[in-house]
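Note sheet for the following structure.
Chains as they are written, first to last, in my numbering: chain U, 5 to 455; chain F, 139 to 710.
Take a look at the structure:
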């Protein structure tokens, strides 16, 4: 059931006493709650929301934040907020106190909607209740306990660089690394993924999780502490380990939460977080994303991480200094190999051909073309040839000898069919049944030639 | 053999309307086109398929409470026959799934048509097919694990017949396992071969003839020796029990010394034989006594008479006549044959639709098929070497009507009007390099080639440094190509423009008028009257509001008028 359906069902089926409680809590007038059908529209307005949100405990506010991210949940979700007293007995015996608390503190305050849904099979009534927070309320959630500062934080690149240096024979960056980095056929790979900012980000998260041995709990809507921290932190405001702890208790309910200081410090070491000391206390926020270089700003003539004097056909790369976004692009554009403990980038017409026009005209590509004649020639050739050879797959092609049939097919399918020549047409595979229907209707049969 | 004639006027005459050959091919066609799994527990054909098959064959579907008839359903019989002919395969033994299983289970027991044996069977003439079926029926085979000695006319009830059977008790002992039933059946069929066609003969007369002339046609005069030391063959008729009711209380073996022992054992067999293979194969018609049977069971003297059919004479004497095929100017193809001509029907039905139900009388077949453009073209597509005109000329043995020939020539041309290329890729490239030429299937335009093995083609082009772009189209729309690309396919820019276009939404204005009632009595009354006037309305019980669409205003006014005696409404 979608959240609007839940809301509508609740407004229709809500008991008069509950409705009165919501009216009182949110400050609706009697006329607004009188017509049940239209009450759903009033419910999602901002009337009384800010006040009620402000009155929530911090745990309730974090739970609602998680509820907003999760969507529709059952009563077990609120176990993290209102712990159950006994771990034995029937479902109803265990969760009835939680249900009462949710109804009293969240539903009757007009912040959470609930409705009973039809569930297949045997289930007790309490299992059939579903809860959600209308997405319109999210903007009124109490802000996280963050600190704003104009000062820039410190990033840690040590482990990241050690990871890259593994390519040229460096020592392992972390013990028992699950995603080894290596070069294969001129490209850098992380385990089985092509090296890119995204795949490197995955390695960072995996390494973080592995370092803390913190895994996602099996409870629905609960996250691993690392994932929870990534969800709670952002790149514009700072949080202390102490202020994030209550939120982690909610987000990672039923899982093992490591000491928060250790958790955030490890994230910082892996380059996922930034750190700033404010009043001698460490504060953390997400490290800024690795953005590609500004396409309008040309690179300076000497690049501290690239050496073109080494070989006229290649560029020597300094893995201690190269920005990650440049390594990502270089992996897309050039043939990489390690020679004599150095990473070299050679021009590759295959890779340049696979690159998009934007990647081929990026400042780095232009810099390489200008500084290395081999790159320049390769880029020029590919730019001249690109777009003149196209291979279309997953299409069906047909030779249509009967002109009237061809005209009928064109009229029937319009832009979804392309006439390739006098007798040949092409259409997507999804249209096959429709085309066959037209043929059947007009008395033609399909002769099939398979590859 | 001279037998007494009998007038069957007072009897119930039964003929088998089912053509065993026709239904066998219906069964094979059905399972050839579908993948049908027999039921895990009962190993029956699933009820949906059973119903469809019954409809195709024109037989009644099996009733759930029909178990007490102990008679196999016609479709099941045809299925067993197909299995015995080795034209289909399915498991009949099953496996015991667990230690405590009381019955075997049949897991993934699909009915599979064996194409090679079927093709061999189809190549036989209809008469040879009929004889092959007869031979298969004469020679029994196990249908279940333990029916070795009971799979004969004494114990098995005929599918189209009416008579009951002997009790199976002790059938694996005594004389029964040593009897040669195929020889008995062959002997009786040979005997009946000399009877004139169409004349009714008394069954009792046949039994009397056998008693006089071939007394030991089932059980030899000298009883065979026991097969091992544990077995004793004490008496000639020790396997045959008679009882007084359905449950065979007080069953007793028929004594060898009884003067009518032959009639009570061999006589019963003759009756049951007649309503078995001969009736199944449409070799005889039989006549039963309509009076309810009263006497020791199993019944005796109930099948009073029989008559031989032409079909029997034809099959036994090997008189085969070729099927006649006539192509008429109205595009009808008429097939006439004495025996179901499966091979010809397959050829003709591929070219046209059956226009009438096949008529048959004792196996004679008359079917009319209307030639159709789409089917002729489809047959041409399936077999490009097929010459439809020559085929029909060969089948009919004469020239085709002029108009039919002209049309058929045109229809055959429809076969290659639409050729679909499946699994190919399109290469848009001005000059195809020599390295990629071997992958080209068709050059459809100066700069377009249909190619196979797109992976390899792409690798070749990349290696050459042609900077090829690989486009994977999905679903029902083309994937747009980059604006800079030279292609006939839609470009990305066009897609951006279409995305900007606003979605056209046509709204219908509906004006609703709401009336709020101050008191519940009038509110309830107006709803009842509006409902009686079939006026669509919505009501809100809390606010006591009735809402109608503006176009229903007249009906609302009518309702107000109807309530004028009870309420005086004033609308603000």
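Using N, Cα and C, we set each Cβ at its ideal position, and we do this for glycine too. Fair warning: this is a prediction, and the values are worked out from it, not measured in the lab.
Return the CA-CA distance between residue i and residue j, expressed in angstroms with no decimal places.
| i | j | result |
| --- | --- | --- |
| residue 330 of chain U | residue 368 of chain U | 7 Å |
| residue 427 of chain U | residue 408 of chain U | 12 Å |
| residue 544 of chain F | residue 443 of chain U | 22 Å |
| residue 549 of chain F | residue 471 of chain F | 16 Å |
| residue 298 of chain U | residue 360 of chain U | 16 Å |
| residue 196 of chain U | residue 188 of chain U | 10 Å |
| residue 694 of chain F | residue 184 of chain F | 57 Å |
| residue 7 of chain U | residue 43 of chain U | 15 Å |
| residue 673 of chain F | residue 127 of chain U | 41 Å |
| residue 138 of chain U | residue 703 of chain F | 50 Å |
| residue 213 of chain F | residue 225 of chain F | 15 Å |
| residue 104 of chain U | residue 112 of chain U | 10 Å |
| residue 291 of chain U | residue 211 of chain U | 16 Å |
| residue 421 of chain F | residue 466 of chain F | 33 Å |
| residue 351 of chain U | residue 392 of chain U | 21 Å |
| residue 317 of chain F | residue 356 of chain F | 7 Å |
Please check the pair residue i and residue j, which I expect to be a contact at CB under 8 Å, by giving their CB distance rounded to whole angstroms.
| i | j | result |
| --- | --- | --- |
| residue 144 of chain F | residue 275 of chain F | The pair is not a contact, with the Cβ atoms about 27 Å apart (cut-off 8 Å). |
| residue 256 of chain U | residue 228 of chain U | 7 Å |
| residue 417 of chain F | residue 298 of chain F | 5 Å |
| residue 436 of chain F | residue 406 of chain F | 6 Å |
| residue 260 of chain F | residue 480 of chain F | 6 Å |
| residue 68 of chain U | residue 95 of chain U | Not really, about 24 Å apart at Cβ, beyond 8 Å. |
Starting from residue i, trace the beta strand (DSSP E) in both directions and tell me its first and last residue.
| i | result |
| --- | --- |
| residue 136 of chain U | 133-136 |
| residue 118 of chain U | 117-120 |
| residue 504 of chain F | 503-509 |
| residue 368 of chain U | Looking at the DSSP string, residue 368 of chain U is not in any beta strand (DSSP E); the run it does join, the alpha helix (DSSP H), is 367-375. |
| residue 453 of chain U | 451-454 |
| residue 406 of chain F | Note, residue 406 of chain F: premise wrong, no beta strand (DSSP E); alpha helix (DSSP H) at 406-412. |
| residue 318 of chain U | 318-321 |
| residue 419 of chain F | It is not in any beta strand (DSSP E) - residue 419 of chain F carries neither H nor E in the DSSP assignment. |
Using C-beta distances below 8 Å, list every residue in its chain close to residue i, excluding the 5 sequence neighbours before and after it, in chain order.
| i | result |
| --- | --- |
| residue 332 of chain F | 139 |
| residue 404 of chain U | 410, 413, 427, 428 and 429 |
| residue 199 of chain U | 185, 191, 192, 193, 331, 332 and 335 |
| residue 308 of chain U | 322 and 325 |
| residue 171 of chain U | 185, 186, 187, 192, 323, 342 and 347 |
| residue 630 of chain F | 618, 619, 620 and 621 |
Note down, in chain order, each residue of its chain lying with its Cβ closer than 6 Å to the Cβ of residue i, except the 5 sequence neighbours on either side.
| i | result |
| --- | --- |
| residue 349 of chain F | 400 |
| residue 135 of chain U | 77, 116 and 118 |
| residue 108 of chain U | none |
| residue 700 of chain F | 667 |
| residue 583 of chain F | none |
| residue 200 of chain F | 211 |
| residue 163 of chain F | 480 |
Counting along the chain, where does the alpha helix (DSSP H) carrying residue i start and finish?
| i | result |
| --- | --- |
| residue 213 of chain U | 201-216 |
| residue 212 of chain F | 212-222 |
| residue 172 of chain F | Where residue 172 of chain F is concerned, there is no enclosing alpha helix (DSSP H), given that its DSSP letter is neither H nor E. |
| residue 441 of chain U | 436-446 |
| residue 123 of chain U | From DSSP, residue 123 of chain U is part of no alpha helix (DSSP H); its letter is neither H nor E. |
| residue 490 of chain U | In the structure displayed, chain U extends from 5 to 455; residue 490 of chain U sits before or after that span and is not available. |
| residue 454 of chain F | 448-455 |
| residue 534 of chain F | 526-534 |
Which residues of chain F have a Cβ atom closer than 8 Å to the Cβ of residue i, listed in chain order?
| i | result |
| --- | --- |
| residue 90 of chain U | What residue 90 of chain U touches in chain F: nothing, since even the nearest Cβ is about 40 Å away. |
| residue 389 of chain U | 603, 604 and 605 |
| residue 425 of chain U | 582, 583 and 586 |
Applying a beta-carbon distance threshold of less than 9 Å, which residues of chain F neighbour residue i?
| i | result |
| --- | --- |
| residue 75 of chain U | In chain order: nothing, as chain F lies at least about 27 Å away. |
| residue 452 of chain U | 519, 557, 558, 559 and 560 |
| residue 149 of chain U | Near residue 149 of chain U there are no residues of chain F at all, since even the closest Cβ is about 41 Å away, more than 9 Å. |
Name, please, each residue of chain U whose Cβ falls closer than 9 Å to the Cβ of residue i.
| i | result |
| --- | --- |
| residue 641 of chain F | Residues of chain U passing the Cβ test: none, with the nearest at roughly 17 Å. |
| residue 552 of chain F | 406, 447, 448 and 449 |
| residue 616 of chain F | 396, 399, 419, 420, 422, 430, 431 and 432 |
Leaving out the 5 sequence neighbours to the left and right, which residues in its chain are closer than 7 Å to residue i when beta-carbon positions are compared?
| i | result |
| --- | --- |
| residue 355 of chain U | 336, 337, 338 and 339 |
Could you list which residues in chain U have their beta carbon closer than 8 Å to that of residue i, in chain order?
| i | result |
| --- | --- |
| residue 611 of chain F | 396, 397, 398, 399, 432 and 433 |
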